[in-house]
Each structure stands twice: as C-alpha cells, then as structure tokens.
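>
There are 2 protein chains.
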Amino acid sequence: MAVPKQVVPEEKRRRRRPTRNGTVLSERLIVDTALRMLREHGSAGLTARRLGLALDADPSTLYRYFRGMDDLTLAIGDALIGQALHGWRPTGEWSADLRAIGLRIHAVYLAHPQAAVLTASRVTGRANELAADEAILDVLRTAGFPLPETVRIYHAFIDQTLAFAALDAASVALPRASLTADEDMWRSTYARLPRSTHPRIAEAAPLLAARMVASAYPTALDMLLDSAARTLTAEGPGRACDIEGRADWM
Amino acid sequence: MAVPKQVVPEEKRRRRRPTRNGTVLSERLIVDTALRMLREHGSAGLTARRLGLALDADPSTLYRYFRGMDDLTLAIGDALIGQALHGWRPTGEWSADLRAIGLRIHAVYLAHPQAAVLTASRVTGRANELAADEAILDVLRTAGFPLPETVRIYHAFIDQTLAFAALDAASVALPRASLTADEDMWRSTYARLPRSTHPRIAEAAPLLAARMVASAYPTALDMLLDSAARTLTAEGPGRACDIEGRADWM
DNA sequence: CGTCTAAGGTCAATGGCGTTGGCATAAGAG
DNA sequence: CTCTTATGCCAACGCCATTGACCTTAGACG
C-alpha cells in the first residue's frame with residue numbers, strides 16, 4: 074500500500090479520534106504538554122514514552138503528528154519565538170525597540186530553559202520565526218540604516234541574542250546539583266586561588282563572584298547597540314564594516 | 074573495604090594494567106579517543122559502549138577514570154580550552170590580544186563542533202580554564218582598565234565568545250541532512266517569501282543568503298571591542314557601565 | 001625474591017530509550 | 001448506512017548508561 078511514513082499536516086486533519094482515555098490530540102496540545110514535561114523533567118526528560126504517558130496516548134501515536142522527536146523539537150522552538158513577540162509593537166525608537174526584542178526573546182528562552190537548550194540553535198523557517206525576522210529588519214530599515222549595514226547588524230543581533238539565550242538557558246537547565254556546583258565554583262575554587270599563581274583572578278574574585286552568576290547578555294547587547302549607533306550618526310562606519318572575518322569554517 | 078566509588082586521580086595512578094588486548098589506558102588517551110569518536114559519530118555518538126570498543130576495553134572500565142559520562146565531558150571541555158590557548162603570547166596591544174584570544178577559542182570549538190556542543194556551556198574549574206581566565210583579565214588590567222570595568226568587559230567577552238562558539242558549533246555539528254536543509258532555507262524559503270507579506274526579508278534576501286551561512290562572531294566581537302575602546306579613551310564610560318540589567322532570571 | 005592486597009580490568013544484568021510494522025476501530029465522506 | 005482509511009494501540013528490536021560481583025596481576029613491602 075506504500076502509504077504511511079507521512080504526517081498529515083495539522084490543517085488537513087479531519088478525524089479527531091480520542092485516545093483510549095478520552096483526550097483529543099492536536100499539535101498544539103502535544104507541544105504544550107511537551108513544554109510542561111521539559112520544565113518538570115529537564116531537557117533530557119522529554120521522551121516519547123513519557124510524553125505519551127502524559128497525554129494518555131501510546132508513544133507511537135506521536136509519529137502521526139511529527140516525523141520524529143526532532144520534528145517535534147522544531148515545533149517547540151517556533152512556539153517559543155511566537156510567545157516572545159506576542160503582543161509586541163514597535164515604538165519608533167530603533168535602539169529601544171531592538172533592545173526590547175532582544176530581551177524578550179532572551180527572557181522567554183530563560184523561562185523555558187530546558188526547551189531553549191534543544192531549540193535555540195535550530196532554524197525552523199516556520200511562521201513565527203519569519204515574523205520575528207521581518208520585524209527586526211523593519212526596525213533597522215525604518216531607522217535609516219542602509220541595506221548592507223542593516224543585514225550586518227541584523228545578523229550580529231539575532232545570533233548574539235540566540236547564542237546568549239542558549240548559553241544562559243544551558244546553565245539554568247543544568248540539574249540542580251551541577252548548577253549549584255557551578256555557582257559555588259566562583260566562591261570556592263576561583264576565590265581561593267593563590268595570588269602567586271593567579272594574581273588577576275585573585276584581585277577580581279569578589280567582583281567575579283557577584284557578576285558571573287548573572288547573564289552578560291544585557292551588557293553585550295548594549296555594547297552592540299552602542300557600536301551600531303555610531304554608524305548611524307557619524308559620517309560613516311568607523312571600522313570593521315565589511316564582510317571580512319568571514320567563514321574560515323565550513 | 075567500603076568499596077571505592079571513587080576515581081583515582083591521574084597523578085596518583087601506579088598500576089597500569091593493560092586491557093585484554095594490550096592497550097594501556099590513561100585520562101589523556103581516553104579524552105583523545107573520545108574527541109575522535111565525537112568527530113566520527115556526531116555529538117550524540119559518544120557512548121560508553123562505543124568508547125570502550127574503540128579502546129579495546131569494557132565500557133565499565135571508563136568508570137575507573139571518570140565518575141560518569143558527565144565527568145568525561147568536563148575533561149573534554151578543558152582539553153579544548155587548553156588547545157585553544159596553546160602557544161599564545163600577548164603582544165601588548167589589548168584589543169588585538171583579545172581579538173586573537175576570542176578567535177582562537179571560537180576556531181578550536183568549531184574544529185571540534187560535536188565536542189563543543191557538549192562542553193561550551195560548562196564551567197570546569199580545571200587548570201586550562203583557569204589559565205585562560207587569568208590571561209584575559211591580565212590583558213585588560215595591563216591595558217589600564219579599572220577593576221570594575223575589567224570585570225564587566227571580561228564577563229561580556231568570555232560569555233559572548235563561548236555563546237557564539239556553542240551556537241556556531243551546533244550548526245556545524247548537525248547531521249549532514251539537517252545542515253544542508255538549514256543552509257538551503259536562506260535560498261529557498263526566505264528567498265521566495267512574497268513582497269506583500271514579508272517586504273523586508275524579500276529586499277534583503279540576497280544579502281541574507283550571503284551572510285547567514287557564515288558566523289556573526291567576528292562582527293559581534295569587533296562591535297564589543299569597539300564599544301570597550303571608548304571607555305578607555307573618553308573621560309569616562311559613556312553609558313551602560315553599571316551592573317543594571319541584572320539577573321531577573323534565577 | 002616471595003607475599004599479598006587492592007587497583008584496574010571483565011562480565012552479566014537492569015531498566016531506560018526511539019522507532020517500526022502489524023493490527024484494530026471508529027470518524028466522517030458518500 | 002456503508003465503507004475507507006485516518007488514527008489510535010501493541011509488541012518487539014536494538015540501542016543506551018550504570019552497577020555489583022568477580023577475577024587477575026602489578027607492584028609495595030619484608
């Protein structure tokens with residue numbers, strides 16, 4: 074019959090047959106349940122078996138909705154982006170707008186750290202992701218940046234945001250034990266290093282202990298916007314505006 | 074008695090008993106083999122079973138050297154950092170020095186993308202990591218940055234470097250299929266969006282296709298150094314020098 | 001050089017995991 | 001009301017990390 078191995082797209086679904094226990098499945102319900110499970114069981118705790126259990130459905134049923142766990146992962150990622158920009162409206166001040174978008178994305182990812190770890194570095198090409206990219210580009214163009222400069226800043230901005238979101242989420246998503254161990258590192262290991270071997274760390278230890286437990290994203294974001302602002306006001310880009318420093322990887 | 078459950082630290086090892094097939098194990102050999110296996114089998118392909126197979130040893134033998142796969146992961150991460158700064162010497166020009174350090178770390182992580190994915194967001198507190206942090210702080214202090222400013226820049230610099238390394242490594246480490254799919258996304262999905270619904274993406278599509286396949290790290294790094302340079306020359310920090318934008322997470 | 005202890009190797013078993021092929025049943029088109 | 005087939009369930013496969021019991025021999029010590 075050749076048939077299966079194909080997932081019916083959500084909008085084409087006609088027959089909504091309830092599971093043994095009465096719940097009626099949908100992409101939406103599955104993604105939401107997956108997010109809840111990620112929060113409860115950690116980023117490695119999203120398993121087909123457990124998800125099936127939470128939905129009162131057989132694990133294999135999930136394959137009627139997603140091609141596999143990876144496909145589900147992408148759907149989760151797009152849901153996060155949608156949630157981040159839900160209700161956002163531009164104010165007209167480009168710098169403040171970008172700052173708000175960046176902090177919103179960062180915040181939503183940190184609110185779902187276990188999900189963020191799985192999805193932050195993926196390109197889904199789904200609706201919510203496209204809408205976010207369109208919004209960012211629009212802010213820059215409306216502000217008056219020329220097209221090449223817009224693309225340059227857009228690239229640095231979105232990748233910086235996602236990169237920090239993933240990094241910070243990874244810390245938060247660590248198992249309780251590893252997390253406190255990592256945090257204590259700055260108070261124990263680093264704070265106790267002898268001045269003789271590590272003088273710079275020793276002198277900075279108190280400040281480090283205070284700073285390193287927080288995210289560096291707001292600082293890095295401000296530095297990026299700071300640098301971008303100069304190319305708008307000044308006669309032209311000061312330095313490093315070309316595409317050099319290109320991919321020597323891949 | 075009481076049974077060990079403890080791993081003998083490498084420097085205390087006396088008895089070097091060969092495995093059934095003659096190989097003599099060591100932390101070094103295990104980490105190197107693990108790196109090779111990660112490259113060959115992908116970031117999810119480092120398994121105790123396979124590692125044992127590659128070493129001609131029983132998987133359970135690994136537990137004599139590391140407390141578990143997580144402990145091994147940390148050792149791999151520290152090895153990467155050590156490799157990145159191997160042979161590095163400061164030139165005295167702080168901006169160039171930081172740029173070099175950043176690009177070195179980024180490059181080594183991208184050279185071992187599967188390993189980078191596992192380790193970039195971990196704090197090991199091991200020797201190589203400490204040495205790297207000491208070096209970065211020293212560059213900034215020697216350049217004349219006051220201590221609080223040094224710590225602020227250090228934090229943004231190291232986290233941005235690791236964050237981009239992890240993000241870019243994750244792309245490179247994707248299975249061949251997903252990777253080319255992601256790259257084609259910029260030429261297919263994004264390039265074909267109608268001007269009516271996504272005008273900004275449409276006008277930028279060619280530039281995006283050219284840029285997005287490369288890493289934004291060099292650009293973001295230059296913008297960070299650019300912003301930092303102003304706080305050195307000017308009378309004082311222009312803006313955003315305080316610790317605000319603090320952790321509203323955790 | 002001989003003894004003997006415990007480090008460092010092996011083996012077998014446990015309870016997870018994602019995924020698949022076959023099967024059953026009821027939703028809803030006609 | 002009929003009949004197709006979408007969508008659910010089940011059982012099984014081959015992976016995985018980790019553990020406890022066991023065995024063997026390296027090398028400290030007399």
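The listed protein sequences derive, respectively, from chains A and B. Quick note on the numbering used here: the first sequence kicks off at 74 and runs consecutively. Quick note on the numbering used here: the second sequence kicks off at 74 and runs consecutively. All C-beta atoms in this analysis are idealised placements derived from N, C-alpha and C, irrespective of residue type, glycine included. Predicted model only: the values in this text are computed from it and were never measured.
State whether the segment 171-188 of chain A contacts the segment 110-122 of chain A, with contact taken as three or more CB pairs (one from each stretch) at a distance under 8 Å.
yes
> The alpha helix (DSSP H) that contains B:Ala157, what's its start and end?
Met142 to Leu158
> On the criterion of 16 or more Cβ atoms from any shown chain inside 10 Å, does A:Ala246 qualify as buried, or is it exposed?
buried
> Grab me the residues of B:His159's own chain with a C-beta within less than 7 Å of its C-beta, minus the 5 sequence neighbours each way, in chain order.
none
> What does the alpha-carbon distance come out to for the pair B:Arg312 and B:Thr306?
Bear in mind that a pLDDT of 42 at B:Arg312, under 50, signals an unreliable position, so the model cannot answer this.
> Quick one: is B:Met285 near chain A, going by C-beta distance under 8 Å?
So, interface residue.
> Please state the DSSP three-state secondary structure of A:Gly175.
helix
> According to the Cβ coordinates, are B:Phe230 and B:His179 closer than 8 Å?
Contact: no.
> If I measure Cβ to Cβ from A:Ala130 and keep anything under 6 Å in the same chain, skipping five residues before and after, which residues do I get?
Thr92
> Along the chain, where does the alpha helix (DSSP H) that runs through B:Ala117 open and close?
Unbroken run through B:Ala117: none, as it is neither H nor E.
> In three-state terms, what does DSSP make of B:Pro291?
DSSP places B:Pro291 in helix when its eight states are reduced to three.
> Drop a sphere of 10 angstroms on the beta-carbon of A:Gly175, count the other beta-carbons inside from all chains shown, and report buried for 16 or more, exposed for fewer.
buried
> Taking 6 Å as the limit between beta carbons, can you name the residues of its chain near A:Pro132, skipping five residues before and five after?
Ala121, Arg122 and Gly125
> With 8 Å set as the bound, which would you pick, yes or no: does the beta-carbon of A:Gly198 sit closer than that to a beta-carbon of chain B?
yes
> Quick one, which residues of the segment 217-229 of chain A are near chain B if we go by CB-CB under 8 Å, in chain order?
Leu220, Pro221, Thr223, Val224, Arg225, Tyr227, His228 and Ala229
> Apart from the five residues on each side of it in sequence, which residues of its chain come closer than 7 Å, Cβ to Cβ, to A:Ala320?
Unreliable positioning characterises A:Ala320 in this predicted model, as indicated by a pLDDT of 41, which lies under 50. The coordinate reading is nonetheless provided below. The answer is none, since no qualifying residue turns up.
> Rounded C-beta distance between B:Asp232 and A:Ala289? I'm assuming under 8 Å.
4 Å
> Is the Cβ-Cβ distance between B:Arg199 and B:Asp151 less than 8 Å?
yes
> Roughly how many angstroms lie between the CA atoms of A:Ser194 and B:Leu240, to the nearest whole one?
Cα-Cα distance, rounded: 6 Å.
> For A:Pro291, is the classification buried or exposed, using 16 other Cβ atoms within 10 angstroms of its Cβ as the cut-off for buried?
buried
> From B:Ser168, B:Leu153, B:Trp167 and B:Ala173, pick the residue whose C-alpha is nearest to that of B:Trp161; which is it?
B:Ala173
> Near A:Gln156, which residues of its chain fall below 6 Å by C-beta distance, leaving aside the five closest residues on each side in sequence?
Val181.
> Starting from the beta carbon of B:Asp206, find every residue of chain A whose beta carbon is closer than 7 Å, and list them in chain order.
For B:Asp206, the residues of chain A that pass the 7 Å Cβ criterion are Ile274, in the order they occur in the chain.
> Got a sec? Which residues, its chain only, sit under 8 Å from B:Val286 by beta carbon, not counting five neighbours each side?
Glu256 and Trp259
> Could you check how far apart the C-beta atoms of B:Ile103 and B:Leu128 are, in whole angstroms? I think they sit under 8 Å.
Contact between B:Ile103 and B:Leu128 holds, since their C-beta atoms are separated by about 7 Å, short of 8 Å.
> Can you say whether A:Val97 is buried or exposed, counting buried as having 16 or more other CB atoms within 10 angstroms of its CB?
exposed
> For the alpha helix (DSSP H) containing B:Ala243, list its first residue and its last residue.
Where B:Ala243 is concerned, the enclosing alpha helix (DSSP H) stretches over Leu220 to Ala246.
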